[in-house]
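J.:
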Amino acid sequence: MKEAAHGLFYAPVKTRFGLAPASDEALMRAFLGGDAFVFTGPPYWNALGLGSTAMFAVTLVYNRRRSGEFRLCGRRFLLRRVRFPKRPSAEWYVVDLLEHHDMAGVALQELRSGLVSALRRGRLHRELLRDTAREFGTKSTLAVIEESLSEVSAAG
Numbered sequence: 609m610k611e612a613a614h615g616l617f618y619a620p621v622k623t624r625f626g627l628a629p630a631s632d633e634a635l636m637r638a639f640l641g642g643d644a645f646v647f648t649g650p651p652y653w654n655a656l657g658l659g660s661t662a663m664f665a666v667t668l669v670y671n672r673r674r675s676g677e678f679r680l681c682g683r684r685f686l687l688r689r690v691r692f693p694k695r696p697s698a699e700w701y702v703v704d705l706l707e708h709h710d711m712a713g714v715a716l717q718e719l720r721s722g723l724v725s726a727l728r729r730g731r732l733h734r735e736l737l738r739d740t741a742r743e744f745g746t747k748s749t750l751a752v753i754e755e756s757l758s759e760v761s762a763a764g
């Protein structure tokens, strides 16, 4: 047994390269007592191809139980208590990125341009994007998405 944090232990798995640390998912599952959570942030935002190239020294985790920065197994996790879907889609990550564009260090106009391109190429489901923005986004995020959808519809 190894200690991941005060009062939180894990059993490392032995590999031919030595002891393997617990996965981020296993750590969060134990730390949050099995409550739902979702990983988000730069690795997910950058994969959308909308213009974000951010990097964080912490892993961003949304959950319903805790907020704050925590160190588990020497890794840093930034937990936020916010609403999130049970199974996040690419469209939800788009809304999340638009909501946190300042954290990602990218201008909203640049993201909007990338969003229009992605929509034109058919990489995102338009109605799901609109519905997700209505449920999880602010009015300003919904406005950016509606403008992008209108631009794509007008051109196509």
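Residue numbers for the sequence shown follow our numbering, beginning at 609 and rising by one. Positions of the beta carbon are idealized from the N, C-alpha and C atoms, including for glycine.
For R674, which residues of its own chain have a beta-carbon under 6 Å away from its beta-carbon, when the five flanking residues on both sides are left out?
T.: Indexing the sequence shown from 1 puts residue 674 at position 66. L687, listed in sequence order.
J.: Check whether the segment 651 to 665 and the segment 712 to 720 are in contact - that is, three or more C-beta pairs closer than 8 Å.
T.: yes
J.: Which same chain residues, not among the five before or five after A628, have their C-beta less than 7 Å away from its C-beta?
T.: Numbered from its first residue, the sequence shown carries residue 628 at position 20. Correct list, in chain order: P620 and V621.
J.: From which residue to which residue does the beta strand (DSSP E) around R637 run?
T.: Counting from 1 along the sequence shown, the entry for residue 637 is found at position 29. Counting along the chain, R637 falls outside any beta strand (DSSP E), though it belongs to the alpha helix (DSSP H) covering D632 to F639.
J.: Return the residue from the list E633, S756 and A630 that minimises the CA-CA distance to K738.
T.: Looking up residue 738 in the sequence shown gives position 130. The displayed chain sequence assigns Arg, not Lys, to residue 738. Considering only alpha carbons, the answer is S756.
J.: Whole angstroms are fine: how far does the CA of F625 sit from the CA of E743?
T.: Within the sequence shown, residue 743 is the residue found at index 135, counting from 1. Within the sequence shown, residue 625 is the residue found at index 17, counting from 1. Computed Cα separation, rounded: 46 Å.
J.: Is it the case that the Cβ atoms of G649 and F664 are separated by a distance below 8 Å?
T.: The residue given as residue 649 occupies position 41 in the sequence shown. The residue given as residue 664 occupies position 56 in the sequence shown. Yes, they are a contact pair.
J.: How close, in whole Å, do the beta carbons of E707 and G676 come, if the pair is a contact with beta carbons under 8 Å?
T.: By one-based count along the sequence shown, residue 707 stands at place 99. By one-based count along the sequence shown, residue 676 stands at place 68. That pair is no contact at about 20 Å.
J.: Would E633 be called buried (16 or more neighbouring beta carbons within 10 Å of its own) or exposed?
T.: Position 25 of the sequence shown, counted from the first residue, corresponds to residue 633. Burial call: exposed.
J.: Along the chain, where does the alpha helix (DSSP H) containing R742 start, and where does it finish?
T.: Here residue 742 corresponds to residue number 134 of the sequence shown, with the count starting at 1. Element bounds for R742: R734 to F744.
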